[in-house]
């Protein structure tokens, strides 16, 4: 995939007090970019999908790997540039929801790669964005747009995964429009961030033919991979065609069961399941997304709270171990008091750093 408009930042402008943070960003950025390149190699080879009966866990792990690494990266970025914290929070919550799923969808995992490719650009912010200036205002606007975009994507994923694989397959024409739209928006936002971080206050450069063609090429590569069908999916597609198309499949439960079986989606026989399946197949997708929004907001907040609680619990455990350090094995009470008094201040200072 093309990479236009930005070189890696030189972090020498950060003060000496931020050395550890700078090193963390650089290290995580290197790891994330390496995983992005590996995932791009997977995306450039849709033929591998076409030869398999199903999408392997190895492919999914390759696509989601960069996002896992970017989660740590964005935490460090948010420390350096506090305006980026809401983006980091939403991204980590969305990623946890995705990683907690038993079966990750190839198309969604591909969009996580695209999203990560966009967000990794934030690691190249420098300290000019910490001062009050036009660039800072533009950055704040972009970060707000990104938070909104991530929330939209999260709500879409929530609705998408509530539908069985056979529903997603039969409604692919409705889903494809939104999937392609997210790919376009992630890629366009990536280029906008690159322009901004290059310290250009105008986005007119995005209208140049080279950049427009680059965005179109990146999106085309993503959609080509997302649309690649496994042998199972092609077999199901052939069956649908032999029965006169999707509309005929939807009218016949026997045909529907056969498509599901070919996809490896074993539908349990029950009235409730049948009703749920029919609702998913015929309901208006835009209405479903709208009705799901409030539920998704609550779900996302719960995940954010879980992550925060987990971090706080880990921090407490570390501090307890530090506080019960080597002085505990000293038998002489006077020497123990001297040791603890000498090194306790260092532990206290570390506590302050760790909890701020």
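Numbering (the working numbering), first residue to last: 1 to 356. Beta carbons are placed, not taken as given, at the ideal position from N, Cα and C, and that holds for glycine.
Between residue 46 and residue 228, the C-beta spacing is below 7 Å. With respect to residue 75, residue 88 sits close: the two C-beta atoms are nearer than 7 Å. In the structure shown, residue 244 falls within a coil segment according to DSSP collapsed to helix, strand and coil. Considering only 232, 248, 246, 266, the residue with the shortest C-alpha distance to residue 53 is 232. Under a 10 Å Cβ-count criterion, residue 279 is classified as exposed, with fewer than 16 other Cβ atoms of the shown protein chains found around its own Cβ. Distance from the CA atom of residue 86 to the CA atom of residue 78, rounded to whole angstroms, is 8 Å. Here the alpha carbon of residue 137 sits roughly 37 Å from the alpha carbon of residue 101. Minimum Cα-Cα distance from residue 110 among the listed residues 72, 159, 59 corresponds to 59. For residue 23, the uninterrupted alpha helix (DSSP H) segment begins and ends at 19 to 43. A direct Cα-to-Cα measurement between residue 179 and residue 134 gives close to 33 Å.
Distances from the CA of residue 27 to each of 251, 120, 151 were compared; the closest alpha carbon is that of 120.
Rounded to the nearest whole angstrom, the C-alpha separation of residue 215 and residue 95 is 25 Å. In the three-state reduction of the DSSP assignment, residue 56 falls in the coil class, being assigned neither a helical nor a strand state. Burial check for residue 298: the Cβ neighbour count within 10 Å stays below 16, so the residue is exposed. DSSP places residue 310 within a helical segment (H, G or I) once states are collapsed to three. Around the C-beta of residue 264, fewer than 16 other C-beta atoms lie within 10 Å, and the residue is accordingly described as exposed.
In this structure residue 93 is not in contact with residue 249, their Cβ atoms being roughly 37 Å apart against a cut-off of 8 Å. Here residue 107 is buried: its Cβ has 16 or more other Cβ atoms, across all protein chains shown, within 10 Å. The beta carbon of residue 25 lies closer than 8 Å to those of 11, 73, 76, 77, 80, 123 in the same chain, with the five residues before and after it left out. Annotated as proximal: residue 42 and residue 62, with beta-carbon spacing under 7 Å. Ranked by Cα distance from residue 186, the options 32, 150, 172 are led by 150. Residue 287 and residue 293 have their C-alpha atoms roughly 10 Å apart. Within 10 angstroms of the beta-carbon of residue 217 lie fewer than 16 other beta-carbons, which makes it exposed.
CA-to-CA, the gap between residue 57 and residue 230 works out to about 14 Å. Taking the Cα positions, residue 256 is about 11 Å away from residue 243. Taken through DSSP and simplified to helix, strand or coil, residue 96 comes out as helix. When 49, 22, 141 are compared, the shortest CA-CA separation from residue 234 is found for 49. Contact annotation: residue 166 and residue 90 have beta-carbon atoms that are not nearer than 7 Å. Rounded to whole angstroms, the gap between the alpha carbons of residue 171 and residue 262 is 16 Å. With a contact defined as Cβ atoms closer than 8 Å, residue 175 and residue 168 qualify at about 6 Å. Closest in alpha carbon position to residue 66, among 258, 117, 212, is 117. For residue 183, the enclosing alpha helix (DSSP H) has its first and last residue at 172 to 197. The C-beta separation of residue 156 from residue 115 comes to about 12 Å, leaving the pair out of contact by the 8 Å criterion. In this structure, DSSP gives residue 109 a helical state, which the three-state scheme calls helix. Minimum Cα-Cα distance from residue 55 among the listed residues 69, 38, 104 corresponds to 104. By the criterion of a C-beta distance shorter than 7 Å, residue 183 is surrounded in its chain by 111, 114, 219, 222, 223, once the five residues flanking it on both sides are discounted.
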